[in-house]
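Comments concern the structure below.
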Amino acid sequence: MKNRLENLKGNFNSFAKEVFFVDTTDSTMTLAWDCIDKEKSGGALIFTDYQTQGKGRYNRKWISQPKKDLLLSLTVKCPTNILNQLLMIASLSVYDLLISLDLKPQIKWPNDVLVNGKKIAGTIAESRIISQKFSYAVIGIGVNVNLLVDESSPIINTYTSIYKEKKVEYDRYELLKLLLLNLDLYYSHILSGKNIIPKWKDKIMNIGKNIKISFQNNETTNYISGKAIDIDDEGMIVILDENMKQWHLSSGEVTVIST
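In my numbering, each residue's number is its place in the sequence shown (first place is 1) plus 6.
As structure tokens, then:
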């Protein structure tokens, strides 16, 4: 995989200008931030065959197996005003990749991609604001490609993979190329000022459902329950509670109560 990854250099407008491969790491997100700290630039791809402490939102662990999945992070130096859209282009890029494989994905707000109600991919975006104009960011993506866990695994009832859905093993490198092409296209859209929120909103499975969102506030877990009625212009989910009050939330852990 390492030698093939070198072929990605120079094939994209904004990503994979530099390519770094490690057999095993605790998290590609950590390596990506190290890269930003050293290089003071964006455009790097960090890819690994195995993560021991893969990071999801709220520091949740991402479970993977060696040489089975897409596990990567991308460094970005971008306009500060598009930071809220980086997570959107990540999930849309995964969504389009899965569509190209004749799967039927859905995006679970704010960052998971599901197939048949089970998680097949996760995305994360972290940022560090430099000024009002520019920021550094890291986009992290994990896609279950050829993952197949045993019946005793803690994720047996909540995960799926491309292999599990299609019963065919896929070449991770070829899927990575398609994913990066999707990302490059969507990134060019948001750089040019194109509004991708309506397209992202159209893929969100939570809209119209009664949900509960838990979120941290000063080390305390809070909950808001109600009907998810919309995604606003900033990408926040809009919840209408039992008192008819609208809440606009930028993050949180979602549990579906009913449809």
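Where is the CB? At the ideal position from N, CA and C, for every residue including glycine.
For this session: Could you name the residues of the same chain whose beta carbon sits closer than 6 Å to that of Asp236, not counting the 5 residues immediately before and after it, in chain order?
Result: Same-chain partners within the cutoff: Val244.
Problem set entry | Assigned secondary structure, Gln57 (DSSP; H/G/I helix, E/B strand, else coil) | Gln57 falls in the strand class under three-state DSSP.
Exercise. Using 8 Å as the threshold, is the region 181-194 in touch with the region 9-24, meaning 3 or more CB pairs across them?
Worked result: yes
Exercise. Skipping 5 residues on each side, what residues in its chain have a beta carbon closer than 7 Å to that of Leu89?
Worked result: Ser133, Ser141, Ala143
Problem set entry | Segments assigned alpha helix (DSSP H), at least 4 residues, entirely inside the region 160-208 | 168-172, 178-197
Problem set entry | Residue(s) in a DSSP beta bridge with Phe26 | Ile52
For this session: Measure the alpha-carbon distance for Lys114 versus Ile130 and round it to whole angstroms.
Result: 13 Å
Exercise. Under the DSSP definition of a beta bridge, which residues are partnered with Glu259?
Worked result: Ser220
Exercise. Below 8 Å between beta carbons: does that hold for Leu80 and Ile145?
Worked result: yes
For this session: Give the secondary structure of Ile213 by DSSP, where H, G and I count as helix, E and B as strand, and everything else as coil.
Result: In the three-state DSSP reduction, Ile213 falls in the coil class, being neither helix nor strand.
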